[in-house]
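Per this note's numbering, residue 21 is the first one in the sequence shown, and the count goes up by one each step.
Virtual Cβ for every residue (Gly too), placed ideally from N, Cα, C.
As structure tokens, the structure follows; a few thoughts come after it.
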Amino acid sequence: MRRLRRTKIVATLGPASSERAMIARLFQAGADVFRINMSHTSHDRMRELIAAIRSVEEENERPIGILVDLQGPKLRLGQFGGGFTMVKQGDTFTLDSDPATGDATRVHLPHPEILQAAQPGQTLLLDDGKVRLTALETDGKRLVTKVEVGGKLSDRKGVSLPETVLPFSALAPKDRSDLEAALDAGIDWIALSFIQRPEDIAEAKKLTRGRASVMSKIEKPQAVTRLEEIMEISDSLMVARGDLGVELPLEKVPGIQKQIT
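If you want it as structure tokens, here you go:
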């Protein structure tokens, strides 16, 4: 089977599409690359999926790409008494290093990098942007903010800082373990999540040692500002429009995608 088209189709494998028979059907329908999301996949399950894909590949005598998408660093709030709280526009709300359960005035943030890196005037987005805060002051252990857009906050909701370069690697310990297991299993591509700078890709390439190509996911404003440098060092780019549209105005995302192409 030879496909005479430049555009390739990437199919993400999930609970409804992880059996060999379904993978074969997806390939016959036009999938060129299968994506394995390591946010929800164990190493053993990953190896099973890879074996099934390679079996379909051998049967059809045509190469099939395997893309392992690394989770990347996950920044989350601590917990609230009762599981949630409501924050109101105009109120002050503090993120701090105290592991005690939170309330309508404060919550634990188990990421000292954020407490140390955030600066007054910068924006914090909670729960995929549903709640928006502006940093007022910080001493490295407590970050006092003003609530710009209020709402419900539940345990372990995500935190993002679109205007702050955070001083940590795009490869968390889980990613390093997942990457090594994926390379040993013979994958073709890795997708690197939440990159901020070209050094993130250089670090991943040092670990892959040529055993897989590196796809950089553009989902942070910090990556957009250094796009040319990131393009130079990456083997491919993916515009992660969902996450990028949380941290940037949604109407800017198509323009960024056009800028890349």
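Can you tell me where the beta strand (DSSP E) with H128 in it begins and where it stops? R126 to H128
Please classify E157: does DSSP put it in a helix, a strand, or coil? strand
Taking DSSP's pairing of strands, which residues face D89 in a bridge? N57 and A211
Cut-off 8 angstroms between Cβ atoms - residues of its own chain near G98, not counting five sequence neighbours on either side: P119, T121, G122, V127, H128, L129, P130, D175 and R176
In the structure shown, what three-state DSSP assignment does L268 receive? coil
In terms of DSSP beta bridges, what is R96 paired with? G178
Considering only C-alpha positions, which residue in the set A205, V164, A232 and L181 is nearest to A124? V164
Which residue or residues does DSSP assign as beta-bridge partners of F104? S174
Any chance the stretch 190-204 sits against the stretch 82-91, with 3 or more Cβ pairs inside 8 angstroms? yes
Give me whichever residues DSSP pairs with G122 in a beta bridge. F100
Cα-Cα separation between A155 and E183, rounded to whole angstroms: 11 angstroms
Cβ neighbours of R96 in the same chain (closer than 7 angstroms, five flanking residues each side left out): R176, K177, G178 and V179
Enclosing alpha helix (DSSP H) for I253 [first to last residue]: L247 to I253
Just mark R55 as buried or exposed, buried being the case when its beta carbon has 16 or more other beta carbons within 10 Å. buried
Relative to the C-alpha of E239, which residue among A138, K272, Q48 and D111 is closest? K272
Going by DSSP, name the residue or residues bridged to V167. L153
Helix, strand or coil: which one does DSSP assign to A31? strand
Which residue marks the beginning of the alpha helix (DSSP H) containing I221, and which one marks its end? P218 to T228
Going by the CB atoms, is the gap between V234 and I210 shorter than 8 angstroms? yes
So, with DSSP's three-state summary, where would you put L186? coil
Outcome for K237 when other beta-carbon atoms lying within 10 angstroms are tallied against a minimum of 16: buried
C-beta contact flag for L173 and D148 at 8 angstroms: no
Cβ-based burial, G92 [other Cβ within 10 Å; buried from 16]: buried
Could you tell me the alpha carbon to alpha carbon distance between G103 and L115, rounded to whole angstroms? 16 angstroms
So for I134, helix, strand or coil by DSSP? helix
Pair within 8 angstroms by beta-carbon distance, G170 and K108: yes
Whole-number beta carbon distance between R246 and P218, since they are thought to touch under 8 angstroms: 6 angstroms
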